[in-house]
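*Asks:* Sharing a structure with you now.
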Amino acid sequence: MRIYHLFVTLLFCALTFAQTTITGSVKDSKNEPIPGANVKVAGESAAAVTDADGKFTLKTSKKPPFTLEISSIGFATQKVQVTSASQKVDAVLQNEDTRLDEIVISASRTPERIRESPVTIERMTVKDIKRSASPTFYDGLENLKEVHMNTSSMSFKSINTRGFATVANTRFMQLVDGMDNSSPLLNFVLGNLIGISEIDVQSVELLPGASSALYGANAFNGILFMTSKSPFTSQGVSAYVKYGQTSQRAAGTNEYADYGVRVAHAFNKNFAAKANFSFMTGTDWFATDYRDRDLVNNVGLDRSFHNYNGINVYGDEASTNLRGVATGLLNAGAITPAQFAVFQQILPNYNVSRTGYNEVDLTDNKVRNAKVDFSLHFKPWGDDNEIIWQSKFGFGNTVYQGANRYYLNGFFMQQHKLEFKGKNYFVRGYFTTEDGGNSYDMMFTGLNVNRQWKSDAQWFGQYAGAYVQSTLAGATPAQAHAAARGVADTGRLIPGTPEFQAAFNRVIADPDVLTGSRLVDDSKLYHSDANYNFKDLVKFAEIQVGGSFRMYELNSLGRIYTDKGTDILYREYGIYTQIQKKFMDDRLKFTGSIRYDKSQNFDGDYSPRLSLVYSAGEQRNHNFRASFQTGFRNPTTQDQYIGFNVGSAVLLGSAPDNLDRYTETLPITSASGQAIVGGTSTTINGNNAYFNSYTAASAAQFAALAGTDPVAASALLRRANVNLVQPETVKAFELGYRGQIKNLSYDITGYYNIYNDFIGNVNVVTPLYGVAQDAPNPLAGPTDTGAQSVDALATGNTRVFQLYTNTGVEVRSLGFGAGFNYRLPKNFEFSANYNFAEFDYDQDQDPGFEAGFNTPKHRVKASISNDNLFKNFGFSISGRWNTGYRWESTFVDGWIDEATVFDAQINYNIPKLKSVLKIGATNILGNEYQQVLGAGFIGSQYFASLTINP
43 MRIYHLFVTL
53 LFCALTFAQT
63 TITGSVKDSK
73 NEPIPGANVK
83 VAGESAAAVT
93 DADGKFTLKT
103 SKKPPFTLEI
113 SSIGFATQKV
123 QVTSASQKVD
133 AVLQNEDTRL
143 DEIVISASRT
153 PERIRESPVT
163 IERMTVKDIK
173 RSASPTFYDG
183 LENLKEVHMN
193 TSSMSFKSIN
203 TRGFATVANT
213 RFMQLVDGMD
223 NSSPLLNFVL
233 GNLIGISEID
243 VQSVELLPGA
253 SSALYGANAF
263 NGILFMTSKS
273 PFTSQGVSAY
283 VKYGQTSQRA
293 AGTNEYADYG
303 VRVAHAFNKN
313 FAAKANFSFM
323 TGTDWFATDY
333 RDRDLVNNVG
343 LDRSFHNYNG
353 INVYGDEAST
363 NLRGVATGLL
373 NAGAITPAQF
383 AVFQQILPNY
393 NVSRTGYNEV
403 DLTDNKVRNA
413 KVDFSLHFKP
423 WGDDNEIIWQ
433 SKFGFGNTVY
443 QGANRYYLNG
453 FFMQQHKLEF
463 KGKNYFVRGY
473 FTTEDGGNSY
483 DMMFTGLNVN
493 RQWKSDAQWF
503 GQYAGAYVQS
513 TLAGATPAQA
523 HAAARGVADT
533 GRLIPGTPEF
543 QAAFNRVIAD
553 PDVLTGSRLV
563 DDSKLYHSDA
573 NYNFKDLVKF
583 AEIQVGGSFR
593 MYELNSLGRI
603 YTDKGTDILY
613 REYGIYTQIQ
623 KKFMDDRLKF
633 TGSIRYDKSQ
643 NFDGDYSPRL
653 SLVYSAGEQR
663 NHNFRASFQT
673 GFRNPTTQDQ
683 YIGFNVGSAV
693 LLGSAPDNLD
703 RYTETLPITS
713 ASGQAIVGGT
723 STTINGNNAY
733 FNSYTAASAA
743 QFAALAGTDP
753 VAASALLRRA
763 NVNLVQPETV
773 KAFELGYRGQ
783 IKNLSYDITG
793 YYNIYNDFIG
803 NVNVVTPLYG
813 VAQDAPNPLA
823 GPTDTGAQSV
833 DALATGNTRV
843 FQLYTNTGVE
853 VRSLGFGAGF
863 NYRLPKNFEF
873 SANYNFAEFD
883 YDQDQDPGFE
893 AGFNTPKHRV
903 KASISNDNLF
913 KNFGFSISGR
923 WNTGYRWEST
933 FVDGWIDEAT
943 VFDAQINYNI
953 PKLKSVLKIG
963 ATNILGNEYQ
973 QVLGAGFIGS
983 QYFASLTINP
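Oh and the sequence shown: position 199 is 241 in our numbering, straight run, nothing missing.
Structure below.
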């Protein structure tokens, strides 16, 4: 044992004495320190990053003499000769008045100057994070050109580039260190809930527009890359703490806190490790939109409306035809035939709804998010070849808005990755798992809390009886409705009482939609991908090849998908290649790529991309680009396998096995219907929904006329011919120009997209008996299947489905963007950008189709900053404005007003503490605005932060 200890000690000493340690500083021409500068041994992997004071310590096994390469964005790279192990390096970098030489990777999967990028690309650097006035770097992405945020919650923001996005943006992809952050169950990115800590961000790159040719079918409208710092080059302990307040008219003033720590260490040239922890807590933006959800036909109606269905009120979705209640009372023996005749004469032939609960009473309105990650990095030969194990964990509370509003309470998501990478290749595999925790659906919470104290049948029966009695006593309809609601609401559970809380707790713990609201999720995603660049083997051009494989394991225990009793497995794979070649003295760059993707339920397809970049001018500062690509988006697992009852409808995916797997037994409430089916209930499946339904529009027209003229009403009915969902395709054309004139850099982009087989939703009404057909004859007799379907509609024996399908309409979108950055005297910097976006399609071809563009037509953003207004002091002010726009989603449709927002921050460097103090405020004018109809209005946020060793 002693010999072993001696051997280890000698080995450690040998490694220690074999290292050369170089210290120094990096400053600019004004003698100001440059934090975040890269210091690298030429031809080696040994590197370091300067701290807040511009100082660095670099360890290398190489003995002098050798060369250091020192670089930083915005400065010319400098080489310094090291001739002695004791030499102190003091480098001064000269300003480089161009942003066109910044290095990006995402556009072509290979390092290239941004001037040579074949497509539009936006970046956020460590320097940009420091000057951002946003509470987090992820919030600050909203100031990038092409970005519009969809804010569902203070901690849940979804990036929208080039439109056609709700909170669930399945057309956008987000990669953190190469791992897709999408939820395995929901197929879309959960903001930065399991993303990256602010103090671990190395760079952020955004590609708006189609990127399918290299990154697969999910990168249909854009992709975001977030890369973390390497523990080999960014070592030490960093930490931050933020504290402040949020202010909103509905929620009042509430505390907000966010803090994190990063620890990284390179034990030698072969092994390094790092760990991150961050935690955020606060009070969410209260959602208090109490307008009726039908913002077209019920404008201005409030809770006094008999069939009120508030946007942020839940439980009032329970609605039934008041006259039809009499039939149920008669069948139950609650009234006599004589009384039934009176009820039929007095009760109006329209729906009434139960009294619901406000959203603020069904959630604690708290947001929390904790992120933990660690990684081990091994360089077996001390060069660019590296083996990485990385684990990421995210958990907390937030609100997600889809077909309903969902409180993700105690959700937990984790990712684990093993990666091998080198100068010209990478091979990685990772898996993602998630647990819904105690998450629940707020609509079903409201519905089933109501049912805890009184069943729907009992409530509507009491309402009908009280309405008749009040009318017979001489009340007007409005008075009768008010009296009836008062009687039916007798015994209602009041929020804040122990009885309400007990019922609430029972409901949110129960996953059965008939009695509870809990969301269950134990889904997994397995992914692997690889890439090799032949640039060191093939000289005439740069050639890459790569591929990926993915498998979903869906498990919602039958709550969301049709996976009760068995998991659903779904696989897809893709391969691609790319060639790049420069011509004309390297001024003209050609890029061609093609990708083949195949998923198990659909035929494979190709996504080609062609682009040209020409660099003009003596300094090659005028760069023109053009690109064309086709892409396709496979239907998500939701589009194919969902079977989710959301109360007002059932969301049903169209995979053939899903139609067979979805079954539902429903009661038949009319005597005529019971005679047709031969019982009091019937069972339907997904095939009924897709192949035996009426369009929702024609069913609504029928309902409006059936009471007075059933024959004419039946003539309006139209059978819904809904096809099973297929992949969506796009042809994307883009032109752009990047340029530099002295201190002014600018980028101009124009694009035009043509979408075919656009994936969307359509509502249908399925009769529980009979056969749906165009203009059925209600007088054809009780054995006629068309007449039977009319009877089912007339008596309310129907089921509403929301189906996933494609529209035959060709959808076109076009946009224009321009951004510039101008470096002013005395360290001032001004930047601004403008975006125009619109879409078009022929509504008459598919009247029920909703594109869900959800993007302002005009957006303007601007900022002015100075990182060194005077010694150690900097500031920034940013503003953005957008026009109003129409919001379309499965939850609610309506108009979102224009918004003007200003943010500001001041920061102070404390060199002795290696710290930065920042005080910031967002929406300082206090003009509350909305980005998602149904979510809370966004108020103001004020904070102070201290970052140590950023």
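The C-beta atom is built at its ideal place from N, Cα and C for all residues, glycine as well.
1. Where does the unbroken beta strand (DSSP E) through serine 590 begin, and where does it stop?
2. Could you spell out the range, first to last residue, of the alpha helix (DSSP H) harbouring arginine 365?
3. Assuming aspartate 563 contacts aspartate 627 (C-beta within less than 8 Å), just tell me the rounded distance between them.
4. Enumerate in chain order the residues of its own chain whose CB-to-CB distance from tyrosine 876 is below 6 Å, with the five nearest sequence positions on each side excluded.
5. Any idea what DSSP makes of valine 692, helix, strand or coil?
6. Look at the alpha carbon of glycine 968 and the alpha carbon of serine 905, and state the distance between them as a whole number of angstroms.
7. From which residue to which residue does the beta strand (DSSP E) around leucine 911 run?
8. Within 10 angstroms of its Cβ, does glutamate 660 collect 16 or more other Cβ (buried), or is it exposed?
9. First and last residue of the alpha helix (DSSP H) that includes glycine 728?
10. State the beta-bridge partners of methionine 196 as determined by DSSP.
11. By a C-beta neighbour count over all protein chains shown, 10 Å radius and 16 as the cutoff for buried, is aspartate 132 buried or exposed?
12. The beta strand (DSSP E) that contains valine 772, what's its start and end?
13. Please check the pair alanine 255 and arginine 675, which I expect to be a contact at CB under 8 Å, by giving their CB distance rounded to whole angstroms.
14. Whose C-beta lies closer than 6 Å to the C-beta of aspartate 139 among residues of the same chain, with five residues either side of it excluded?
15. Can you name the residues that DSSP bridges to tyrosine 442?
16. Under 9 Å between the Cβ atoms of phenylalanine 800 and asparagine 869?
17. With a cut-off of 8 Å on the beta carbons, I'd call methionine 166 and glycine 182 a contact; round off their distance for me.
18. At the 9 Å Cβ level, is histidine 900 part of the contact set with chain C, yes or no?
19. Proline 898 and histidine 190 look like a contact to me (Cβ under 8 Å); what is the Cβ gap, rounded to whole Å?
20. For asparagine 354, does the three-state DSSP call read helix, strand or coil?
21. Glutamate 940 and glycine 921 look like a contact to me (Cβ under 8 Å); what is the Cβ gap, rounded to whole Å?
22. According to DSSP, is phenylalanine 979 part of a helix, a strand, or is it coil?
23. With a Cβ-Cβ cutoff of 9 Å, do alanine 292 and arginine 304 count as a contact?
24. What is the rounded straight-line gap between the Cα of proline 273 and the Cα of lysine 413?
25. Can you tell me which of Ala525, Gln543 and Phe858 puts its alpha carbon nearest to the alpha carbon of arginine 204?
26. Could you tell me whether the Cβ atoms of tyrosine 472 and methionine 215 are closer together than 9 Å?
27. With H, G and I counted as helix, E and B as strand and the rest as coil, what does DSSP make of aspartate 139?
28. Could you tell me the alpha carbon to alpha carbon distance between valine 134 and serine 71, rounded to whole angstroms?
29. With a threshold of 16 other CB atoms inside 10 Å of the CB of leucine 866, please say whether the residue is buried or exposed.
30. Apart from the five residues on each side of it in sequence, which residues of its chain come closer than 6 Å, Cβ to Cβ, to aspartate 300?
31. Would the beta-carbon of alanine 668 fall within 9 Å of that of glutamate 770?
32. For the region 787-798 and the region 685-694, state whether three or more C-beta atom pairs, one from each stretch, are separated by less than 8 Å.
33. For serine 987, write down the residues that DSSP places opposite it in a beta bridge.
34. What residues in its chain sit with their C-beta under 6 Å from that of leucine 418, if we drop five residues either side in the sequence?
35. Check this for me: beta carbons of tyrosine 618 and serine 635, under 9 Å apart or not?
*Replies:* According to the data block:
1. For serine 590, the enclosing beta strand (DSSP E) starts and ends at 584-596.
2. Counting along the chain, the alpha helix (DSSP H) containing arginine 365 begins and ends at 364-373.
3. About 57 Å separates the two Cβ atoms, so there is no contact after all.
4. Cβ within range, chain order: Ala860 and Val902.
5. Here DSSP, grouped into helix, strand and coil, assigns valine 692 to strand.
6. Straight-line spacing of the CA atoms in glycine 968 and serine 905 works out to 18 Å.
7. Annotation for leucine 911: the continuous beta strand (DSSP E) segment containing it runs 900-912.
8. The residue is exposed, with fewer than 16 neighbouring Cβ atoms inside 10 Å.
9. Its alpha helix (DSSP H) spans residues 728-733.
10. Answer by DSSP bridge pairing: none, since methionine 196 is not bridged.
11. Residue environment for aspartate 132: exposed (fewer than 16 other C-beta atoms within 10 angstroms of its C-beta).
12. First-last of the beta strand (DSSP E) with valine 772: 770-783.
13. Between arginine 675 and alanine 255 the Cβ distance is about 13 Å, and since that is not below 8 Å, they are no contact.
14. Residue confidence for aspartate 139 is low, a pLDDT of 49 falling below 50, so the modelled location carries little weight and cannot support an answer.
15. Listed as beta-bridge partners of tyrosine 442 by DSSP are Tyr448.
16. Taking 9 Å as the Cβ cut-off, phenylalanine 800 and asparagine 869 do not qualify as a contacting pair.
17. That pair is a contact at about 7 Å.
18. Structure shown: chain C not included; a single protein chain is present.
19. Right, their Cβ atoms sit about 7 Å apart.
20. It is coil, neither helix nor strand.
21. Approximately 13 Å separates the beta-carbon atoms of glutamate 940 and glycine 921; this is outside 8 Å, ruling out the contact.
22. In the displayed model, phenylalanine 979 falls within coil according to three-state DSSP, outside both helix and strand.
23. No, they are not a contact pair.
24. In a straight line, the C-alpha of proline 273 is about 18 Å away from that of lysine 413.
25. If you compare the alpha carbons of Ala525, Gln543 and Phe858 with that of arginine 204, the shortest gap goes to Phe858.
26. Contact flag unset, no.
27. Its pLDDT being 49, under 50, aspartate 139 is placed unreliably by the model, and the measurement read from it follows with that caveat. Residue state for aspartate 139 is assigned as coil, using DSSP reduced to three classes.
28. So the two alpha carbons sit approximately 6 Å from each other.
29. Sixteen is the threshold: since fewer than 16 other Cβ atoms of the shown chains lie within 10 Å of the Cβ of leucine 866, the residue is exposed.
30. The answer, listed in chain order, is Lys284 and Met322.
31. It is not a contact, given that the beta carbons lie outside the stated cut-off.
32. Flag = no, the region 787-798 and the region 685-694 do not touch.
33. Answer is Lys284 and Lys960, bridged to serine 987.
34. So the list reads Ala315 and Trp431, once near-sequence residues are dropped.
35. Yes, these two residues count as a Cβ contact at 9 Å.
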